[in-house]
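*Asks:* Each residue of the sequence shown is one higher than the one before, counting from 1 in this note's numbering.
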Amino acid sequence: MSAEPAIRLLLDEHLARLRIHNPRNGNRFTAAMMDGLADALRRVESANVAVLVLESSGPDFTLGRDQRERVPGLSRRDNLRKILVANELLSTSPAVTISAISGHALGFGTGLALHTDLTVVEDDAVFGFDEIEHGLAPLVVVAYLSRFVPAKIARELVLTGRRVGATEAAALGIVNRVVPKGTLADATQALLDQLGEHDPGVLRLIKDFHTEIRDEPPGLGERAVDRLAGWLENR
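1. Quick one: what's got a C-beta closer than 7 Å to residue 162's C-beta in the same chain, skipping five residues either side?
2. Under 8 Å: do the stretch 45-56 and the stretch 77-88 share three or more Cβ pairs, one atom per stretch?
3. Mapping the DSSP letters down to three states, classify residue 100 as helix, strand or coil.
4. State the Cα-Cα distance for the pair residue 9 and residue 79, rounded to the nearest angstrom.
5. Below 6 Å CB to CB, which residues in the same chain sit around residue 37 once its five sequence neighbours on both sides are set aside?
6. How do the stretch 112-130 and the stretch 214-234 stand: do at least 3 beta-carbon pairs fall below 8 Å, yes or no?
7. Relative to the C-alpha of residue 208, which candidate in 92, 68, 18, 28 has its C-alpha closest?
8. Whose CA, out of 17, 65, 171, 233, lies closest to the CA of residue 150?
9. Evaluate residue 104 with the Cβ neighbour count: other Cβ atoms within 10 Å of its Cβ, from every protein chain shown; 16 or more gives buried, anything less gives exposed.
10. How is the alpha helix (DSSP H) around residue 243 delimited, first residue to last?
11. For the stretch 14-88, which segments carrying the beta strand (DSSP E) assignment without a break, of at least 3 residues, lie completely within its bounds, in sequence order?
12. Can you list, in chain order, the residues of its chain with a C-beta nearer than 7 Å to that of residue 74? Leave out the 5 residues immediately preceding and following it.
13. Figure out for me which residue from 138, 21, 25 has the closest Cα to the Cα of residue 227.
14. Is the beta carbon of residue 195 sitting closer than 7 Å to the one on residue 96?
15. Using three-state DSSP, classify residue 236 as helix, strand or coil.
16. Rounding to the nearest angstrom, what Cα-Cα distance links residue 118 and residue 134 in this structure?
17. Locate the beta strand (DSSP E) running through residue 179, then write down its first and last residues.
18. Beta-carbon separation of residue 184 and residue 102 under 7 Å?
19. Taking only three categories from DSSP, how would you classify residue 92?
20. What are the start and end residues of the beta strand (DSSP E) that includes residue 149?
21. Measure the alpha-carbon distance for residue 1 versus residue 42 and round it to whole angstroms.
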């Protein structure tokens with residue numbers, strides 16, 4: 001029997017649902033899952049849907065990337081670039097993107113929350129960049145984080161690995177809406193209903209213009225990958 005896909009995509013006429021489904025491993029992203037996520041996001045772009053919802057199975061949204069995994073033949077640079085590819089596809093998607101989060105969203109999971117347009121979370125949600133706890137310097141995060149939160153907060157989060165609860169995440173602008181435990185599906189549907197009241201073409205135009213005016217310097221993510229990969233190879 002073949003294994004269930006860890007990245008699941010359901011496409012409707014105007015809506016896409018992308019589910020992270022690796023709950024036995026805390027929904028940690030393997031290299032294959034990173035590729036699956038990128039492929040799914042490309043399919044969403046081709047399908048021309050108005051809205052994409054990113055959701056998960058199990059108690060946690062995702063505990064980040066699987067730091068224990070080693071893939072034969074996959075260089076550190078190429079592995080790190082998978083993050084850049086996913087972040088770029090998500091942030092430039094023509095669809096309005098929503099992440100629906102309960103439990104922990106750590107490392108790459110916090111990155112997914114930041115790179116979606118709208119983020120709805122249950123009040124038990126926890127965010128943070130825990131890479132430093134694994135002996136890693138999250139330079140890819142450093143390259144983008146100050147676009148989303150104040151510079152001093154960005155430095156604190158990556159230097160300490162401190163966890164951020166749902167209420168603080170809302171205050172920092174990491175998430176949009178905090179809802180009681182057990183109401184995430186209803187809250188997400190309410191947001192979908194709000195978006196459904198508007199012309200999909202207008203939503204797409206807003207998204208396109210947001211993409212055009214992003215202020216992240218070109219190539220900054222690649223510089224972060226090269227710097228971190230070089231450090232990992234030489235330590």
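For every residue, glycine included, the Cβ atom is placed at its ideal position computed from N, Cα and C. Bear in mind the structure is a predicted one, so any value in this text is a computation, not a measurement.
*Replies:* Let's see:
1. To locate residue 162, count along the sequence shown from 1; it is residue 162. Excluding sequence neighbours, residue 162 sits near 128, 156.
2. no
3. For the purposes of this step, residue 100 is taken as the residue at position 100 of the sequence shown. In the structure shown, residue 100 sits in a strand (DSSP, three-state: E or B).
4. Locating residue 9 in the sequence shown gives position 9, where the first residue counts as 1. Locating residue 79 in the sequence shown gives position 79, where the first residue counts as 1. Going from the Cα of residue 9 to the Cα of residue 79 covers about 23 Å.
5. Counted from its first residue, the sequence shown places residue 37 at position 37. Same-chain partners within the cutoff: 7, 86.
6. no
7. In the sequence shown, the residue the question calls residue 208 occupies position 208. Minimum Cα distance to residue 208 is reached at 92.
8. As a working note, residue 150 is residue 150 in the sequence shown. Of 17, 65, 171, 233, the residue nearest in Cα terms is 171.
9. Along the sequence shown, one-based indexing puts residue 104 at 104. Buried, because 16 or more other Cβ atoms sit within 10 Å of the Cβ of residue 104.
10. Past the edges of the chain, shown from 1 to 235, lies residue 243, and the structure says nothing about it.
11. 15-20, 51-56
12. Taking the sequence shown and counting its residues from 1, one reaches residue 74 at position 74. Same-chain partners within the cutoff: 31.
13. Here residue 227 refers to the residue found at position 227 of the sequence shown. The candidate whose alpha carbon is nearest that of residue 227 is 138.
14. As a working note, residue 195 is residue 195 in the sequence shown. As a working note, residue 96 is residue 96 in the sequence shown. Contact: yes.
15. Only positions 1 to 235 of the chain appear in the structure, and residue 236 is not among them; the question remains open.
16. The count along the sequence shown starts at 1 and reaches residue 118 at position 118. The count along the sequence shown starts at 1 and reaches residue 134 at position 134. The straight-line gap from Cα to Cα measures roughly 29 Å.
17. Here residue 179 refers to the residue found at position 179 when the sequence shown is read from its first residue. Residues 177-179.
18. In the sequence shown, counting from the first residue as 1, residue 184 sits at position 184. In the sequence shown, counting from the first residue as 1, residue 102 sits at position 102. Cβ atoms of residue 184 and residue 102: closer than 7 Å.
19. Position 92 of the sequence shown, counted from the first residue, corresponds to residue 92. In this structure, residue 92 counts as coil in the three-state DSSP scheme.
20. For this step, residue 149 is matched to residue 149 along the sequence shown. Neither: residue 149 is in no beta strand (DSSP E) and is coded neither H nor E.
21. Against the sequence shown, residue 1 aligns to sequence position 1. Against the sequence shown, residue 42 aligns to sequence position 42. Here residue 1 scores only 43 on pLDDT, less than 50, and its place in the model should not be relied on; the value that follows carries that caveat. Those two C-alpha atoms are separated by around 28 Å.
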